Each structure stands twice: as C-alpha cells, then as structure tokens.
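>
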Amino acid sequence: MSSPQRDAIAVEPRTSRSWLDDAVTGGGGTVVDADAASAVVWTHQSDPDGLATLLDAHPQLEWVQLPWAGIEPYVEIVRAHPDRVWTCGKGIYAEPVAEHALALALAGLRHLAAFARSASWTSPAGSNLLGAKVVVLGGGGITESLLRLLFPFHCHVTVVRRTPQPMQGADVVVGMDRLDDALTGARLVMLALALTPDTTGVLDRRRLELLAPDAWVVNVARGAHIVTDDLVAVLAEGRIGGAALDVTDPEPLPADHPLWTEPRCIITPHTANTPEMAFPLLTERVRENVRRRIAGEPLLGPVDVEAGY
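So for the sequence shown, the numbering used here puts the first residue at 7; every next one is plus one.
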C-alpha cells in the first residue's frame, strides 16, 4: 500500500476542534482519519498515554504538531520517537505572555496589589522600572518580546540562557554558569525559560537572597523553576520586594497555601495566555506548518529532541 500523501493530516483526539480542522484545510491540507494520515495535529495538552497509543498504532505518522509551547508531558514520548518530526507552539504565545509579564512587573514594583487590597488610605510606596537592573532567564520568543517591551524603560537587561548569543535589546547575554553574577543586586527577575531537569528549582533561597532587597520576581514560565517553600520563607522575612506568579508549584495552588495571603505576592491563575488569546495564534501556526509541510519547507516551532523543548 502506498504511503499517505503529505497533505493528509489527522486532528486527534476528535473533540470539539473544528477550528483546527479549518486551520489544516486553510494550509492546503485534508483532514483525514489517523489510518489514512501522514501527520497528526495533537489537540490534548496533557495526554501522553493517548498520544503514545496513537503513534504505536499508526507508524506511518511522520510529523506530530503539539498544541502548546511547553511539552513537559510529552518529553519522554518525543525522545522515544526521534525518527518523527516534532513541532510545538514554541514562540507563538510570546506576545501575550510577555505583555502579562510586564503588567505583573509594573504592578509589583508600583505596589499596586497592596494598594488594591487596602481598605483605607495608605502611605506612599513603590519604585520605578525605569533604569532598573533586570535579569531575564530564558532566550526564546517570550524573552524577545520582553526585550522589545522593556526598551522604553531604559533598563539594564541581562539575559541568561543555555546558549549565550547576542539578542537585540539585551545589554548582556550570559550562560547559566554566570547566573549568580547576573542575579546579584537585580531589582527585577523575569522567568521565561523551558522547564528541564537543569532549570527545575533554579531559583532557591540562596539565589533569591542574591537579589536587591526591593527586588521583584516575575514567573510566567513554569512553577517548578522556583523552590516554593524557599520563596514563602524569603517573602515572609521581607528579604525581597515581592513575587508575581502566573504559574506555581503546586498548580493549581491550594486554597490554604500561604502565598494567597502573603501581602508581597501577586498571583494570576496561569492566565498570561488565555484560550481566547491562544486559539487564533495556534490556528495560524497549524495553518502555516501544514502549508510548509506540503511545500517541503522547514516547519516552525521544531522540538529539540535532546534538549526536551
């Protein structure tokens, strides 16, 4: 039997994903059952067993498009199938996530959360982002957007990434081996990096205490980048200005967790990129990648199998 055509694309699982069907056809593809497909657009954000079953049953599937930028649930499957082409939502959610990160940074530095919680007129508080020493962990699309958004504030920005290379808008780019130096005295630290064994717990008590006493930490990446118990302790002791978290560890954060009542902490429930923001962006990524596959062009958002993101 001949191999399926390059334009024959499955969309699985078959839930209410008609908008992804439209993305496939918009790119020139044809939506077919997995048995007749040469590639699959996977729609579930966290069902590794389901994907493994699909791939085992359909060895002809050459390309797998994952839905989100973070692929932590699927890392082992990706590594178990290195012969397939893997892509994800890497980079497509950068703009809304960077915007949210900037909003959290300004809210924290400007003391807005504490003001909003007050029931009476309070004393002045807060500090400027203007001219601040900023450290961004991660060198991907979110960081690229952040650097552009930070430009008008004339900050001194250091980017810490796995592979140091110049980035437009960054004053300094260093490797993870220089992380301690970069953090020392920083007034704003923004986490926008992939979660890997090397970056899990990258901000612990020792590193949090390297920051300026009025520093804010903004996390729009993954909760496990920060050692939560260490953060709770440092905040309670007033050793940093505060933390603004769109992601937590554990997640969702239990209702009785001390971070909910910590006055130095702002929490948003993983809403830096909402479904309403994400669907149009993912639709365009799928459409473009289907077009590129049919045309034989490189696909967007390739997964680095070895790195795991």
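Glycine is no exception: its CB is placed at the ideal position from the N, C-alpha and C atoms. Because the structure is a prediction, the values reported are computed rather than measured.
(1) Just list the beta strand (DSSP E) runs in the region 41 to 114, keeping only unbroken ones of 3 residues or longer that don't cross its boundaries, in chain order.
(2) Could you give the DSSP three-state label for G191: helix, strand or coil?
(3) Where do the ends of the alpha helix (DSSP H) carrying T149 lie?
(4) Have a look at W92 and G302 and give me their C-alpha separation to the nearest angstrom.
(5) Let me check understanding here. Comparing Cα to Cα, which of V311, E312, V309 and L305 lies closest to G33?
(6) Between P269, E312 and A284, which has its C-alpha nearest I123's C-alpha?
(7) Across which residues does DSSP place E18 in a beta bridge pair?
(8) A313 to A131, Cα distance in whole Å?
(9) Output needed for S52: all residues of its chain with C-beta closer than 7 Å, excluding positions within five of it in sequence on either side, in chain order.
(10) CB I148 to CB A107, shorter than 9 Å?
(11) With a threshold of 16 other CB atoms inside 10 Å of the CB of V205, please say whether the residue is buried or exposed.
(12) Count the other CB atoms, across all protein chains shown, that sit within 10 Å of the CB of H160; report buried if there are 16 or more and exposed otherwise.
(13) What does the alpha-carbon distance come out to for the pair M7 and G307?
(14) Since L72 contacts G95 with CB under 8 Å, what's their CB separation in whole angstroms?
(15) Curious, which full-length alpha helix (DSSP H) runs of at least 4 residues does the region 229 to 304 contain?
(16) With which residues is T164 paired in a DSSP beta bridge?
(17) Answer yes or no: do W222 and A242 have a C-beta to C-beta separation smaller than 9 Å?
(18) Expressed to the nearest angstrom, what Euclidean distance is found between the alpha-carbon atoms of S9 and L67?
(19) Compute the Euclidean distance between the alpha carbons of T280 and R228, then round it to the nearest angstrom.
(20) Between the beta-carbon of L316 and the beta-carbon of L156, is there less than 9 Å?
(21) Does the Cβ-Cβ distance between D255 and A278 come in under 9 Å?
(22) Starting from the C-beta of R213, find all residues in its chain whose C-beta is less than 8 Å away, skip the five residues before and the five after it, and write them out in chain order.
(23) Enumerate in chain order the residues of its own chain whose CB-to-CB distance from R20 is below 6 Å, with the five nearest sequence positions on each side excluded.
(24) Since W25 is in the alpha helix (DSSP H), which residue starts that stretch and which ends it?
(25) Under DSSP, the alpha helix (DSSP H) around A120 begins and ends at which residues?
(26) Where does P102 land, buried or exposed, given buried means 16+ other C-beta within 10 angstroms?
(27) State the Cα-Cα distance for the pair D210 and A104, rounded to the nearest angstrom.
(28) Exposed or buried, E18, counting other C-beta atoms within 10 Å across all chains shown (16 or more means buried)?
(29) Kindly identify the DSSP beta-bridge partner or partners of N225.
(30) DSSP three-state call for L216: helix, strand or coil?
(31) Return the bridge partner residues of V37 from the DSSP annotation.
(32) Just to confirm my understanding: we take A230, look at its own chain, exclude 5 residues before and 5 after, and list those with CB closer than 8 Å. What are they?
(33) For R299, tell me which candidate among D28, S44 and L26 has the shortest Cα-Cα distance.
Taking the geometry as given:
(1) Every beta strand (DSSP E) stretch that sits fully inside the region 41 to 114 and reaches 3 residues is listed by chain position as 45 to 48, 69 to 71 and 91 to 93.
(2) Annotated three-state conformation of G191 is coil, per DSSP.
(3) Looking at the DSSP string, the run of the alpha helix (DSSP H) that includes T149 is G147 to L156.
(4) The straight-line gap from Cα to Cα measures roughly 15 Å.
(5) Checked all of V311, E312, V309 and L305; the closest Cα to G33 is L305.
(6) Checking the sequence shown, residue 123 turns out to be Arg, not Ile. Of P269, E312 and A284, the residue nearest in Cα terms is P269.
(7) DSSP lists W48 as partners of E18.
(8) Rounded to the nearest angstrom, the two C-alpha atoms are 43 Å apart.
(9) Answer for S52: P79, listed in chain order.
(10) Yes, Cβ-Cβ distance for I148 and A107 is below 9 Å.
(11) As written in the sequence, residue 205 is Thr, which differs from the Val given in the question. T205 is buried by the Cβ-count criterion.
(12) The residue in question, H160, is exposed, as its Cβ has fewer than 16 Cβ neighbours within 10 Å.
(13) Low per-residue confidence applies at M7: pLDDT is 47, beneath 50, and the placement is therefore not dependable, though the value from the model is reported in the following sentence. Straight-line Cα distance between these residues: approximately 31 Å.
(14) Here L72 really is in contact with G95; their C-beta atoms are around 7 Å apart, less than 8 Å.
(15) Whole alpha helix (DSSP H) segments, 4+ residues: 234 to 242 and 281 to 301.
(16) Per DSSP, V141 and V178.
(17) Not a contact, by the Cβ cut-off of 9 Å.
(18) Note on geometry: alpha-carbon atoms of S9 and L67 lie some 10 Å from one another.
(19) The alpha-carbon atoms of T280 and R228 are separated by roughly 15 Å.
(20) A query on residue 316 cannot be resolved here, the shown segment of the chain reaching from 7 to 315 and no further.
(21) Not a contact, by the Cβ cut-off of 9 Å.
(22) Answer for R213: L185, D186 and L189, listed in chain order.
(23) Taken in chain order, the list of residues that qualify is empty.
(24) Note, W25: alpha helix (DSSP H), S24 to G32.
(25) Per DSSP, the unbroken alpha helix (DSSP H) holding A120 starts and ends at L118 to R123.
(26) By the 10 Å Cβ count, P102 comes out buried.
(27) If I take the Cα positions, the gap works out to 23 Å.
(28) By the beta-carbon neighbour count (other beta carbons within 10 angstroms, threshold 16), E18 is buried.
(29) In the DSSP assignment, the residues bridged to N225 are L197 and L251.
(30) Three-state DSSP puts L216 in coil, outside helix and strand.
(31) DSSP, once it has assigned bridges, lists I15 as partnering V37.
(32) Excluding the 5 residues flanking it on each side, A230 has same chain C-beta neighbours closer than 8 Å at L201, T206, G207 and D255, in chain order.
(33) Looking at D28, S44 and L26, the one whose alpha-carbon comes closest to that of R299 is S44.
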